[in-house]
Amino acid sequence: MVEIEGTVERISYHNEENCFTVARISIKENNDIVTAVGYFPSLEVGEVLKLRGNWVMHKDYGYQLKVEHYETVMPASLKDIENYLASGVIRGIGAVTAKKIVEKFGERSLEVLGESPDKLLTLEGIGEKRKEMIAESFREQQETRAIMLFLQQYGIGPGVAVKVYKKYREKSIEVLKENPYRLADEVYGIGFKTADKIALKMGMAENSTERLSSGLKYTLLNAAEDGHVFLPKQELIHRAKDLLEIEDESLLEQSLRALAEKEDVVIEKTWGREEIYLSGFYLSEKSVARRLFLLSAMADKPLRISDAHIDNIEKKCSIKLAKRQREALEAAAASGVLVITGGPGTGKTTTVKSLIEFFRSQKLKVALAAPTGRAAKRMAEATGYEAKTIHRLLEYKAYEEGSMAFGKNQDEPLDEDVIIVDETSMVDIILMHHLLSALKPGARLILVGDKDQLPSVGPGSVLREIIASGRIPVVVLDEIFRQARESMIVVNAHRINQGFFPYLNVKGKDFFFEQVIPPEEILNTVLALVKTRLPGYAGLDPMEDIQVITPMKKGIVGVMNLNEKLQQLLNPPDPGKKEWRFRSLTFREGDRVMQIKNNYDKEVFNGDLGRIIKIDEEGRVLVAFDEPGQDREVVYQSQDLEELSLAYALSVHKSQGSEFPAVVMPITTQHYVMLQRNLLYTAITRAKKLLVLVGTKQALSIAIHNNRAMARYSRLADRIAEEFDGARLV
């Protein structure tokens with residue numbers, strides 16, 4: 000075992016999932032640069048580390064230090080102090096400011112930050128507000144140092160320490176020693192696996208009640224990420240046994256009963272089996288069913304709508320409504336809740352415009368909403384009226400620890416009389432609960448969407464279950480309008496949805512397929528299409544008009560590799576463009592990016608798309624997000640960049656709710672596990688003017704004939720039926 004001390008010069012590789020990291024370290028003793036490999040949950044360029052491990056020989060990369068243990072060291076030399084300050088760990092300080100501070104205060108730099116931050120005001124570019132940010136951040140760094148040292152002995156990095164400190168302050172170590180599993184329940188952004196790693200290394204028993212209870216809750220949360228609202232008890236026990244490596248099911252049964260007694264979970268017996276819910280999911284599902292019934296029952300008296308009224312709407316909107324669209328108008332006038340569903344080209348937007356016109360003619364206030372910013376913008380552009388994300392409609396409020404609450408709720412309901420929601424298939428059970436809770440008595444709710452698209456990323460299949468309940472009026476728009484029939488994208492979307500093979504490469508049309516078999520050649524074809532072939536064929540701008548969508552995250556034609564290749568192709572390094580390396584990613588001015596987690600403080604949400612317009616010397620990144628009515632600029636400190644990813648290529652799930660002039664999609668049997676009809680259908684309906692599939696007909700056929708989308712454990716349809724049927728029996 001050897002021990003070295005050195006400074007992180009570069010992070011060559013960092014795996015976000017398991018934290019495996021390859022870093023270049025400058026050894027303090029002789030300034031030699033060595034490669035260190037190991038598991039570092041959080042690491043920044045400029046950090047000074049003490050590393051313990053063994054030298055190993057890699058067949059391709061030579062000698063490397065395989066790190067078994069590490070700890071951070073406060074810098075002592077001027078160079079180390081400057082590197083530390085420039086690393087981004089202190090908000091408001093980047094490379095330029097770090098250099099100014101060290102030049103001015105020398106070895107006293109850290110002392111000035113901690114004890115005399117007002118002296119920073121003597122430096123050009125630092126005003127009162129920035130000084131306060133720097134001082135507060137440095138104070139947090141100092142106060143979390145003890146927590147960092149405590150956690151590092153258990154292999155946990157400084158990022159977790161900061162979150163723990165913000166929650167528990169001076170009681171942090173006391174809480175950690177008492178029950179580390181509290182972190183998984185109470186600290187935003189820390190999950191069971193991190194807490195479990197700490198607890199086991201602290202000597203907590205593998206079969207402790209705290210561990211088993213936390214593992215059961217984590218298993219339910221993990222299932223929610225796959226769309227499940229609950230798990231059958233035996234499946235929960237089976238999954239938890241694998242996670243916890245516990246064989247004694249009776250111990251898990253005991254912990255489950257204890258969780259139910261504390262009301263952390265709900266155990267419901269249905270048709271002879273026990274089903275286990277996290278309490279929040281159970282209450283949300285019950286609430287959605289109840290409120291849908293109440294909205295249906297309590298809607299203000301039915302509105303009258305005559306043929307003359309509809310004729311007037313057609314004249315005013317310069318449209319001609321089809322039979323099903325007229326039925327939608329009549330149903331909306333008569334119902335408290337209505338679902339309107341249909342595929343591309345069936346007139347959903349025209350129907351929504353006519354509904355808005357009708358309700359406004361009745362002197363009713365109408366609000367338009369959608370799950371994502373892009374979907375809300377599309378809705379606004381299509382209707383000519385303001386549309387908001389559901390979060391903004393409900394006036395969300397952010398809190399420091401990363402949580403949020405809605406300003407509009409049961410106690411402070413929305414003032415609008417009619418709420419029209421588009422892209423409802425993307426709404427999960429939790430968000431639907433909050434939306435329905437905020438509707439005033441007598442309000443009307445119209446849910447618009449395509450039931451055959453992918454369901455929400457979050458738990459539940461809300462739109463499908465509402466339809467499946469058979470208790471809420473549903474209008475299915477099934478006529479493809481003449482203009483839409485000219486589009487092979489629309490025609491083939493419907494063919495695929497019905498299980499038929501699409502028409503390929505019809506001359507003069509907009510749907511193309513290129514048969515390419517080797518994945519490496521599929522990659523090269525996709526790159527050529529984006530860079531030269533489509534711009535030459537259709538006059539498209541590769542940065543503005545063309546979106547690559549792919550089923551998988553990993554692999555040669557997965558999201559990660561495609562983004563790296565497309566960035567190099569479309570926005571290569573340039574002396575005139577600043578860039579900033581964050582872990583394994585390089586962000587560059589001009590890059591297309593996506594927000595990949597909700598940040599209520601910045602008011603940006605998972606799936607929001609934007610463009611990097613500026614990177615400064617401090618590593619601050621300015622992103623312009625495309626929002627309804629405007630582009631909104633958001634500043635990211637360097638340590639916030641974990642919330643961004645490149646967006647030259649998107650997964651199908653991340654693309655949902657958006658439309659693009661042209662879409663290129665690789666489809667290969669390498670993606671076998673993701674080759675599903677609804678995923679293919681969702682992907683191709685993202686294209687407005689041009690679609691190119693690149694891959695094999697075998698993969699295309701597999702996707703079309705695989706209509707076995709993973710079933711989700713949910714009881715919403717049953718609960719809606721029970722609410723309506725129970726009321727009839729009273």
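Residues in the sequence shown are numbered consecutively from 0, following numbering that gives the first Met the number 0.
By construction, the Cβ of each residue, glycine as well, lies at the ideal position given by its N, Cα and C atoms.
Excluding five sequence neighbours on each side, which residues of the same chain lie with their C-beta closer than 7 Å to the C-beta of residue i?
| i | result |
| --- | --- |
| K688 | D509, P660 and A661 |
| E658 | R377, R685 and K687 |
| E394 | F405, G406 and K407 |
| V729 | Note that V729 scores 47 on pLDDT, short of 50, meaning its location in the model is unreliable; the coordinates nonetheless yield the value given after this. Result list for V729: empty, nothing under 7 Å. |
| Y62 | W54 and M56 |
| V33 | I24, I26 and L64 |
Does DSSP put residue i in a helix, a strand or coil?
| i | result |
| --- | --- |
| Y647 | coil |
| A369 | strand |
| N705 | coil |
| I666 | strand |
| L446 | strand |
| D195 | helix |
| G441 | coil |
| F499 | coil |
| R470 | coil |
| I614 | strand |
| A710 | coil |
| V729 | Low per-residue confidence applies at V729: pLDDT is 47, beneath 50, and the placement is therefore not dependable, though the value from the model is reported in the following sentence. Looking at V729 - three-state DSSP - the assignment turns out to be coil, as it is neither helix nor strand. |
| L730 | Since the first and last residues shown for the chain are 0 and 729, residue 730 lies out of range. |
| E356 | helix |
| I3 | strand |
| P116 | helix |
| Y671 | helix |
| T340 | strand |
| A321 | coil |
Ignore the nearest five residues each way along the sequence and tell me which others in residue i's own chain have a CB closer than 6 Å to its CB.
| i | result |
| --- | --- |
| L539 | L533, I545 and A661 |
| I3 | I26 and L50 |
| I125 | L119 |
| S644 | M593 and I595 |
| E588 | K576, K577, I611 and I614 |
Considering only C-alpha positions, which residue in the set the options is nearest to residue i?
| i | options | result |
| --- | --- | --- |
| A22 | E28, D31, I10 and N14 | I10 |
| G271 | K232, A259, T121 and N53 | K232 |
| V351 | G188, Y398, G372 and L320 | L320 |
| F511 | T695, L674 and L444 | T695 |
| V489 | V529, Y680, P572 and D615 | Y680 |
| M735 | E224, I189, M73 and I89 | Beyond the ends of the chain as shown, which are 0 and 729, falls residue 735; an answer cannot be given. |
| T345 | R323, A331 and A332 | R323 |
| L692 | E721, S583 and A492 | A492 |
| K165 | G341, N178, E185 and E520 | E185 |
| D247 | K261, G214, I465 and N206 | N206 |
| E520 | I479, I146, T667 and L444 | T667 |
| F149 | I197, E127, S108 and R107 | I197 |
| G37 | I703, Y647, T6 and F19 | F19 |
| I146 | V163, Y12 and S713 | V163 |
| R718 | A288, E8 and G105 | A288 |
| P571 | M542, N598 and K552 | M542 |
| N82 | Y276, F39 and L48 | L48 |
| S286 | V461, N14, D195 and A682 | V461 |
Give me the DSSP bridge partner(s) of residue i.
| i | result |
| --- | --- |
| M593 | L608 and S644 |
| H13 | T20 |
| Q514 | G694 |
| W579 | F586 |
| D810 | Here the chain has residues from 0 to 729 only, and residue 810 is not among them. |
| S700 | S700 is not bridged to any residue. |
| Y635 | V620 |
| I266 | I275 |
| T345 | In the DSSP output, where bridge partners are listed per residue, T345 has none listed. |
| I34 | According to the sequence shown, residue 34 is Thr rather than Ile. T34 is bridged to R23. |
Return yes when at least one heavy atom of the ligand COA lies under 7 Å from the C-beta of residue i, else no.
| i | result |
| --- | --- |
| H237 | With respect to the ligand COA, the structure offers nothing, as it holds no ligand at all. |
Leaving out five residues on either side along the sequence, give the residues of the same chain with a beta carbon under 8 Å from the beta carbon of residue i.
| i | result |
| --- | --- |
| A257 | T208 and S212 |
| L122 | T96, K99, I100 and K103 |
| L674 | P550, I666, T668, A698, I701, A702 and N705 |
Tell me, please, whether the CB atom of residue i is closer than 8 Å to any CB atom in chain D?
| i | result |
| --- | --- |
| K99 | Absent here is chain D; the protein component of the structure consists of one chain. |
Check your understanding: Where in the stretch 42–89 do unbroken runs of the beta strand (DSSP E), each at least 3 residues long, occur, reported from the N-terminal end onward?
Key -> 47–57 and 61–72
Practice item. With a floor of 4 residues, list each alpha helix (DSSP H) that falls wholly inside the stretch 521–577, ordered by position along the chain. Key: 533–537 and 558–569
Practice item. Output the residue ranges of the beta strand (DSSP E) runs that lie fully inside the stretch 359–428 and measure 3 residues or longer, sorted by chain position. Key: 365–369, 386–388, 395–397, 403–405 and 417–420
Exercise for review: Could I get the ranges of all uninterrupted alpha helix (DSSP H) runs contained in the stretch 164–243, with 4 residues as the minimum, in chain order?
Suggested key: 171–177, 181–185, 191–200, 208–224 and 232–243
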